[in-house]
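4 protein chains.
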Amino acid sequence: MYGAICAKAAAEMRKPNVEHYFSRCIQRVAPKSLAQATAEVVVTRKFLENFSGDQVRFMARSFSVTGDHDGQMSTGWRWPYGPSAIVAPFNFPLEIPVLQLMGALFMGNKVLFKNDSKVTVVVEQVLRMLHHCGMPKEDLDYFCGSGPTFGALLKRAQPRLTQFTGSNAIADRLVDELKGKVLLEDAGFDWKILGPFSGSRKSSIEEQLPYISFVCDQDAYASSGQKCSAQSMLFAHEDWIKEGLLAHLEELASRRNLKDLTVGPVLTATTRQVMGHMEQLLTIPGSRLLFGGKPLQESHSIPEQYGAFEPTAVWIPLDKLIMPKYFKLCSTEIFGPFQLVTEFTDVTLPDVLTACELMENHLTAAIVSDDPEFQRLILGSTVNGTTYKGLRARTTGAPQWHWFGPGGDPRGAGIGTIEAIRHVWSCHREIIDDSGPVPTSVTGWKLPPAE
Amino acid sequence: MYGAICAKAAAEMRKPNVEHYFSRCIQRVAPKSLAQATAEVVVTRKFLENFSGDQVRFMARSFSVTGDHDGQMSTGWRWPYGPSAIVAPFNFPLEIPVLQLMGALFMGNKVLFKNDSKVTVVVEQVLRMLHHCGMPKEDLDYFCGSGPTFGALLKRAQPRLTQFTGSNAIADRLVDELKGKVLLEDAGFDWKILGPFSGSRKSSIEEQLPYISFVCDQDAYASSGQKCSAQSMLFAHEDWIKEGLLAHLEELASRRNLKDLTVGPVLTATTRQVMGHMEQLLTIPGSRLLFGGKPLQESHSIPEQYGAFEPTAVWIPLDKLIMPKYFKLCSTEIFGPFQLVTEFTDVTLPDVLTACELMENHLTAAIVSDDPEFQRLILGSTVNGTTYKGLRARTTGAPQWHWFGPGGDPRGAGIGTIEAIRHVWSCHREIIDDSGPVPTSVTGWKLPPAE
Amino acid sequence: MYGAICAKAAAEMRKPNVEHYFSRCIQRVAPKSLAQATAEVVVTRKFLENFSGDQVRFMARSFSVTGDHDGQMSTGWRWPYGPSAIVAPFNFPLEIPVLQLMGALFMGNKVLFKNDSKVTVVVEQVLRMLHHCGMPKEDLDYFCGSGPTFGALLKRAQPRLTQFTGSNAIADRLVDELKGKVLLEDAGFDWKILGPFSGSRKSSIEEQLPYISFVCDQDAYASSGQKCSAQSMLFAHEDWIKEGLLAHLEELASRRNLKDLTVGPVLTATTRQVMGHMEQLLTIPGSRLLFGGKPLQESHSIPEQYGAFEPTAVWIPLDKLIMPKYFKLCSTEIFGPFQLVTEFTDVTLPDVLTACELMENHLTAAIVSDDPEFQRLILGSTVNGTTYKGLRARTTGAPQWHWFGPGGDPRGAGIGTIEAIRHVWSCHREIIDDSGPVPTSVTGWKLPPAE
Amino acid sequence: MYGAICAKAAAEMRKPNVEHYFSRCIQRVAPKSLAQATAEVVVTRKFLENFSGDQVRFMARSFSVTGDHDGQMSTGWRWPYGPSAIVAPFNFPLEIPVLQLMGALFMGNKVLFKNDSKVTVVVEQVLRMLHHCGMPKEDLDYFCGSGPTFGALLKRAQPRLTQFTGSNAIADRLVDELKGKVLLEDAGFDWKILGPFSGSRKSSIEEQLPYISFVCDQDAYASSGQKCSAQSMLFAHEDWIKEGLLAHLEELASRRNLKDLTVGPVLTATTRQVMGHMEQLLTIPGSRLLFGGKPLQESHSIPEQYGAFEPTAVWIPLDKLIMPKYFKLCSTEIFGPFQLVTEFTDVTLPDVLTACELMENHLTAAIVSDDPEFQRLILGSTVNGTTYKGLRARTTGAPQWHWFGPGGDPRGAGIGTIEAIRHVWSCHREIIDDSGPVPTSVTGWKLPPAE
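Residue numbers (our numbering), protein chains in the order written: chain A, 1 to 451; chain B, 1001 to 1451; chain C, 2001 to 2451; chain D, 3001 to 3451.
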């Protein structure tokens, strides 16, 4: 049934006016450019296409192994949890709810859903569309109230599984209150490493620099940095610094403006809080402001409880970064257009690995290099769940066709793909069939001794 | 490398004297018959055979999907957690440690291992054998001290993952102290349902009864009921009760004796505690003692801190069982030769489903019936991780070739099979390769607008 | 790209007028009822839904295994053949072409396509729709001429792979001319076995008979028996014969008429040929005509070169059927509303197995029984590629969500599912990456001795 | 059962004296060095380890998908063919027979086996060992006579499947006589491409050359070139030629001698035949003898019907190689220590692709380059079943842990791995279970209209 719903819903969302409606709907509540909002609608539609037809039943396929005697066979199923819950964030008001919700429903769970109360209009609209496409109204309960009320509800209901996407602090509380029956995608302090130039004959570092810089700007500042995959830390090999990387970054950041929402309000921190954090960073010896660092200068009506500041980059020397007394400060995520930049050399590469190891959250990462040995070295020392490698590597922009989620944590939840849905929304159940003939005295069976 | 170690270790354990040595070693510390102890050695050896040769690398296989442009590809890997821990129980002193440890090591984790201090001799012997077969001594740390000390150690070390097998109470504490980074197989209050006789032309219920009764006796009392899969609750359709099931069970239980360890000491409850629990049960209206219920009569030297009592069955009426005021008492697991028995009819079948739903742990279960519709009805209402169905269904005796573990819980851990090891000992890591040509102005690339 | 084409094409075909248009289009050229024609359109549409979005790339997924040293890894890919051909039959003018063609294109092959010249209008219309949905015109060449011309073309072109669906004789010639580079679904002489009544308490044989008979009628005579999966041989246990199966079959057949095309023209045999075959069968001692056996009595304008006769059943005694001198005659397929019926008992069951073993083509089969042991006995003695079991088993009506194809033949081709497409339209290619560091004298490598 | 046999047999072959016995046994009948013969024993043993324990049943695992109504489910099985045959070659007298035979037996086939009558002693010895380890004597028939007799036998028996490894000519005849029911690994004219030096900063081309040359020598001349994977054609980019590749190759070849069997008798061509072929090649304009080209100078007792000549390399200009009038001659495989060498530049690279495309057999290939774009270009234009890429790429030395077999041919057979065995030795069988309740008038079912 859900295959038919997906096929119909995707056909609806393929209509240009429906696509545009949802894009605008997203822009109303989440500050991002039209391009970014439309991308969210497209990814959601492709996800629905992926589970059209019989793909839902194919996803739930089981496997069987023959047993020790005639009529014995064991089958490994993916089984739903039954009563479960989802808590979704504000920053992708269409994509994250749909991908998570549909995943839960595909596998046969009964879901209680909540997301950020600022963006409920988007979910409400998409649910109406899904009902129109045949989704039974009773398959899903949608909770539109405050966080604490929902927390109390969950604590009493004790769902068999809760999928949470959001901040570390709330994640910890849920894990505690729900006895660990939680899968989560919590904070991401995501990093990118620009490896040494490999000496390729094909294109010089000078030719490569503009594209590499462009991807850095997108990763750090698109959607005002309010993606869980946004680049928070950039480790650049000296080759790139010498070539003028910093000037490129500054110039690209300066293109951003409020009018087309290429920079916009920050929903989880005030301007004052961010400026305070920045000032603390600038007390670290050798640190300096690369660019930004000021409240937005354009006239605007962003309320005080949100942040409004320029795309900002702060330089931290690598040897300071990894000092215990500074590392916690440096690795605190600002969920906005804010990043740290540092430099390494062939000699100080181990310090980069140390920094990666010290981080506690392992969502996305990028290893920008075409050297397989360099790639393997970094990969082998890290566990980020979604890691990009290659000269075109980025940290953001994950599509619906590959797993997206944190690594190195048994509580980690993925979204979007068959593997993610099977992992999060079902558990292994082994059903062993033993339908061989019952041994009886007629067929010569004798009672064995007790064991 | 671990493939070669497994092949050699299995070859060692295939030698009759090594097999016998380990069987006796097990009997020294865990009260079970020679048949049961030998079965443990054989299952362990077959597990090692299963991961001989290249099977360890085959188990870690990844999959890849092509991307959106030339040179882009995404690969889903199973990645080790790195620093991790295992806490194992006393009842299978060889099988559980080896299956869990080797699983962790196969996937590349670094393990800190602890098991019950009463049975360390078995692990110590098998580790020496594995070192002899080539296992590097530094791959594993073995902790031989007390539980509380180890708990404190874990709390400080915060391993990325801990696999725990044991009681509910300790499981809850670990989940709390390790922030949910725990996978576990906790208490099993396992049940069996004997379905209505289907009217088969092949064998009469009279012919089937001896075998069915024999399996019940084994499931409830083998290894003195000290298996996590032991049958704690038997729901029998009236067809079987009328046919004389209870008399058969009593007769089979009466064959058990201390001499050949077909019944033996209970390590986690004293005789007094069990008798107290039984007396409480017998206050439920309509309940009665079916057989057993007395301390072991044979002369023995079992110390006071252990239990020593006859294989026991207590009858509870189904309508009382599911009453809230009695259910918690009835579903308290006694980790020894102790079971509850009840009866249902076609009319009261829903009460059986209610009882199954009320249980909180979902390890093994058996649906003894050859009627596919009856099987589907029970399966659809339950989530036990390892469920047997068919006239030959049992609750115990899981081999190394199918998943064994609880269901319906995101914290549930399986053991033994490829799927179990991949699930418990690795996490998904997606590595996206983007090695396509870097867009440059030479090849016509122009800087796009910011987003 | 093909994922997007499928999504759009499925959305088109979901429109009621498009669905109706194709159904009528099919009826114009292939004699079947509107219900059967519409079913063909629906199955085709669901197939397209199944490969929407990213499912085409997911289908082509590869797997990787790590090697013996750093930087070595082996990947198993599914690789296209490149230049290939398809020869499709007349009886499913929409479904078979689309499922086969799209399968070939999904995997990246370049296809030369031919089907029966009587039904080209349907393919032509669907190709125009696919072009409209974005399919590049150069991906596929469509040949609309005669069989011999195409045969000569194939012989010269020697495509790397040809998928053929049709008669045995042409299959043999193609295998010869194309040096075995052919995968095929040739003739199906499909059988059904009605097993002994199991004595179920749930429903009596009297209650079951109407449904069982109805399925037999559909399997033998729907689409005038012109399905490759049509039931050509019915083995009925005496339980069913005694209960009145034959009278039921006769009554159901008598409902069929030309007006609504529940019986219609036979395209591959003339009335005279079929009557001749029947007469030969009736010379076998003990055989008799059960019903039908006459040219269609209604006034009609079916041309002489086609067949037009009533749904027909001929009784053959089992002991005669398996005689070498009769078997070849009995197992000659009439591609029309024509079946043989025989009876067996518990004692003569081995003769049924003998008959199944003597058959040369192994497409569909049905084992109508709810006894797992009976099912296993028949399954273990047969190799039919698509076998139904259970009391509701049929031989026809395969949907798009499970494999459909012959068994027991390395040349056998399946259609429709992921497994079928991967098997037919791609071959295994193992690419071993060995990008570890090159050993050099700088890193201590010394030239080893020759081997 | 076969899991236990494999475990025992591998344990036997791990004993040093058994390993040595089989190595010497191989050397008696197949001319190769002790290192090469021992490698054959080790690969065979590891293959047996891979299928120890339960891995045979795991390999045969099926998968299931739920149906459209309660009680319906479809399962895709891998099913044995039953009566089948194997024809194995002389060059790997232990490895190929064991890997192929065991694969067939694992999947439940009944096999008639034949190999080259010159090497039967090895198979006979290993069969005795397998019988000792528990293999039933009736599972396999071993035919030790002449090829024509066996051909006649096959033609009469018409096994459901025959796996053939050997020459093109015999393959064609078998395909014809067995109506295409053949899977084969026929001639391999295997090539290697040394790509342009990428300008890596890590090691210079001068440093890389010795290792690259060493691998070329091994690939072309180890086991006297009598491997189906031996390098027959070397395409070297001018970078390597300029650096002195040819001198390195000549020097390495000159180390080979008859005493330690690093060069030895050629079993399928006489010295005269090879010299004749070489002379024809040398008539091509621009061709020249690089080294070798003479009968073996050492005194020896190799009989006249075998070949005995020095490791030989002939230079052919690329533009001549791809001319239709020369290509067939150039691409004729000499199954001995004989290779062609040619040079290409960035400009003439398309000619290399043309040459690869013209070849008719697609077994192994190597792309020696660390440039992913160069690798993708070559990979995208070729279909070799086993292709190595990377600076360490080779054409020979395939282990038991990855697929080995030809590509681009539906008749292609792989050996060794799970995928290869499933592909060759089993066919897909879909078994659809429809055990839902039978619709009856009691439950409200009414007879639908005919279709």
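Virtual Cβ for every residue (Gly too), placed ideally from N, Cα, C.
Using the Cα positions of residue i and residue j, report the straight-line distance between them to the nearest angstrom.
i: K2294(C); j: Q2339(C); result: 14 Å
i: L3282(D); j: K3325(D); result: 14 Å
i: C3427(D); j: S3062(D); result: 12 Å
i: A3104(D); j: I3096(D); result: 12 Å
i: M73(A); j: V1056(B); result: 24 Å
i: E3419(D); j: Y3002(D); result: 18 Å
i: L1379(B); j: L2209(C); result: 29 Å
i: Y3021(D); j: R2156(C); result: 52 Å
i: G3145(D); j: S3117(D); result: 7 Å
i: T2271(C); j: P2311(C); result: 12 Å
i: Q1218(B); j: A1230(B); result: 9 Å
So, for residue i: in the same chain, excluding its five sequence neighbours on each side, which residues have a beta-carbon less than 7 Å away from its beta-carbon?
i: M2135(C); result: I2005
i: H2423(C); result: G2414
Residues of chain B with CB closer than 8 Å to the CB of residue i, please, in chain order.
i: R2992(D); result: Any property of residue 2992(D) remains undetermined from this structure, which presents chain D solely from 3001 to 3451.
i: R3376(D); result: D1070 and G1071
i: R24(A); result: Within 8 Å Cβ-Cβ: nothing; R24(A) doesn't reach chain B, min ~16 Å.
Looking only at its chain, what residues have a beta carbon closer than 6 Å to the beta carbon of residue i, apart from the 5 residues adjacent to it on each side?
i: K1389(B); result: I1367 and Q1375
i: S1381(B); result: L1353
List the residues of chain C that residue i touches, going by C-beta distances under 9 Å, in chain order.
i: E373(A); result: D2070, G2071, S2435, G2436 and P2437
Name the chain D residues that come within less than 9 Å of residue i, Cβ to Cβ?
i: H2428(C); result: G3385, W3403, G3405, G3407, G3412, G3414, E3419, A3420 and H3423
Kindly list, in the order they appear in chain D, the residues whose Cβ is closer than 8 Å to that of residue i.
i: Q2208(C); result: V3438 and T3440
Under 7 Å between beta-carbons, which chain C residues line up against residue i? List them in chain order, please.
i: S3074(D); result: H2402
Mind pulling the chain A residues with CB within less than 7 Å of residue i?
i: E2049(C); result: G3, A7, S52 and G53
Cβ closer than 7 Å: which chain G residues qualify as neighbours of residue i?
i: L2101(C); result: No chain G is part of this structure, whose protein chains are labelled A, B, C and D.
Output, in chain order, the set of chain D residues within a Cβ distance shorter than 7 Å of residue i.
i: R61(A); result: F3063, S3064 and V3065
### Query
Taking a cut of 7 Å between CB atoms, which residues from the segment 27-45 of chain A lie near chain B?
S33, A35 and Q36
### Message
Tell me which residues of the segment 3004-3017 of chain D have at least one Cβ-Cβ distance to chain B shorter than 9 Å, keeping chain order.
### Response
A3004, C3006, A3007, K3008, A3010, A3011 and R3014
### Query
Are there three or more Cβ pairs, one per stretch, closer than 8 Å when the segment 2034-2045 of chain C is compared with the segment 1025-1039 of chain B?
no
### Query
If you measure beta-carbon to beta-carbon, which residues of the segment 234-259 of chain A are closer than 9 Å to chain B?
L252, A253, R255, R256 and N257
### Query
Quick one: any contact between the segment 1330-1348 of chain B and the segment 1215-1229 of chain B, if contact means 3 or more CB pairs under 8 Å?
yes
### Message
Quick check: the segment 2346-2363 of chain C against the segment 3394-3412 of chain D, are at least 3 beta-carbon pairs closer than 8 Å?
### Response
no
### Meets three-Cβ-pair contact criterion under 8 Å: the segment 266-286 of chain A and the segment 191-208 of chain A
no
### Query
Going along the chain, which residues of the segment 188-221 of chain A sit with their C-beta nearer than 8 Å to a C-beta in chain B?
K202, S203, E207, Q208, P210, Y211, I212, F214, D217, Q218 and Y221
#### Entry: chain B contacts made by the segment 163-183 of chain A, where a contact means CB separation under 8 Å
D172, V175, D176, K179, G180, K181, V182 and L183
### Message
I want to know whether the segment 1441-1451 of chain B touches the segment 2085-2101 of chain C - three or more CB-CB distances under 8 Å.
### Response
no
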